[in-house]
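Inspection log for the structure reproduced underneath, given as structure tokens.
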Amino acid sequence: VRHSHLFPVPFEILGMIGEVLHVKDTVFRVIPNPVCFYWEPATFSLSTLLYEFITSLKSLRANDEIEGSEQVTRILDWADGNETRLPALRSSSTLDMMSEDVKGSRLVRELNHLRAGIEVCDDYFRGTKHSMIQKVLRVHIQEVLSLLNSQSDERSTRDSRRNDDTMDGGDIPMTINDLDSAPPGDKEGLLIDLYVGTIRRNVVRIVREQDSISKQRRARRASIDGRGTDAAPKKPTIITELAINEAWLTLMFRMLCWLQLHDFHKMDIQLSKSEAYASRIPVYIV
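Everything in the sequence shown is counted per the working numbering, starting at 5 for the first residue and increasing by one.
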């Protein structure tokens, strides 16, 4: 089972919902690795991923796909406040490989700005139903793993879509094979395009479908339980497409900020506990 694109998927979950462990006003970023996969930031650039993500956000807003989203406006305001510093951080995702002019008090300001970006996300989460955030996160991970492990079916599907799109004059849909075969300098942009163009749309569609089915099931149960009473059933709250988009974009933005704010030693890894861990079987030393 494949679990990685540019980096292992468990780090996505860690960045989306993990606690902030970085100490404010310091440059100490290295923390213990809590997952069982190696972190190899030298093979990609997190800051380039963030830059490409912000660019995609601006494109979505220009195309009215997230029109009226206050949360997206807050994220873009954060990016506009960091516009002069993003290029300096874009060269690498590791502290020792950042450009030489990013050091001392300026680096502290950069890290604190990343903390401010995470706070923008956490403020949004505090005012949003946790159940909805959990649904979006669950479906996102399912869709990412499905995309990573469907390569055998992608070739035939892509060939058929290529013929259809060529005849219709449309764009050919991206697949994980496009990311794998791309040159190193293009991988970050392609991953964001794949996420925003494919994963995001799938998450919005699936979450709305699941929410609709859940609402219908609860309505039927309420109508059966409420027979013989005068109480009118409560009208269910419908999750809007904008709300799902906001939640998904916020989770993605938080993940990119969190993973830049923290770092792991490249040889650090979480080892699984042996079967004898916490065992009460007596051991006799002769």
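Idealized CB from N, CA, C, for every residue including glycine.
Tell me the residue span of the alpha helix (DSSP H) that contains residue i.
| i | result |
| --- | --- |
| residue 247 | 245 to 265 |
| residue 123 | 109 to 130 |
| residue 140 | 134 to 152 |
| residue 37 | Neither: residue 37 is in no alpha helix (DSSP H) and is coded neither H nor E. |
| residue 76 | 74 to 85 |
| residue 53 | 50 to 66 |
| residue 19 | 14 to 21 |
| residue 183 | 180 to 185 |
Closer than 8 Å by C-beta to residue i: which residues in its own chain qualify, once you throw out the five before and the five after it? Chain order, please.
| i | result |
| --- | --- |
| residue 13 | 7, 145, 148, 149 and 152 |
| residue 141 | 17, 20, 21 and 255 |
| residue 25 | 35 and 266 |
Which residues in the same chain as residue i place their Cβ atom closer than 7 Å to its Cβ, once the five residues preceding and following it in sequence are excluded?
| i | result |
| --- | --- |
| residue 270 | 42, 43 and 44 |
| residue 126 | none |
| residue 190 | none |
Quick check on residue i: does DSSP put it in helix, strand or coil?
| i | result |
| --- | --- |
| residue 276 | coil |
| residue 211 | helix |
| residue 287 | coil |
| residue 8 | strand |
| residue 47 | helix |
| residue 29 | coil |
| residue 162 | Summary for residue 162: the model assigns pLDDT 49, below 50, so the residue's position carries little reliability, and this model does not support an answer. |
| residue 202 | helix |
| residue 270 | coil |
| residue 70 | coil |
| residue 196 | helix |
| residue 228 | helix |
| residue 242 | coil |
Identify which residue in the options has its Cα closest to the Cα of residue i.
| i | options | result |
| --- | --- | --- |
| residue 32 | 265, 287, 276 and 279 | 265 |
| residue 55 | 289, 67, 290 and 194 | 194 |
| residue 179 | 81, 213, 197 and 276 | 197 |
| residue 133 | 182, 121 and 248 | 248 |
| residue 273 | 40, 27, 23 and 25 | 40 |
| residue 81 | 183, 68 and 58 | 58 |
Assuming residue i contacts residue j under a Cβ cut-off of 8 Å, what Cβ separation, rounded to an integer in Å, is found between them?
| i | j | result |
| --- | --- | --- |
| residue 253 | residue 53 | About 14 Å; that fails the 8 Å criterion. |
| residue 79 | residue 61 | 6 Å |
| residue 250 | residue 76 | 7 Å |
For residue i, which residues from the same chain have a beta carbon less than 6 Å from its beta carbon, with the 5 sequence-adjacent residues on both sides left out?
| i | result |
| --- | --- |
| residue 143 | 207, 210 and 211 |
| residue 185 | none |
| residue 139 | 211 |
| residue 64 | 70 |
Determine, for residue i, whether the minimum Cβ-Cβ distance to residues of chain D falls below 8 Å.
| i | result |
| --- | --- |
| residue 246 | Absence of chain D from the displayed structure is noted, only one protein chain being present. |
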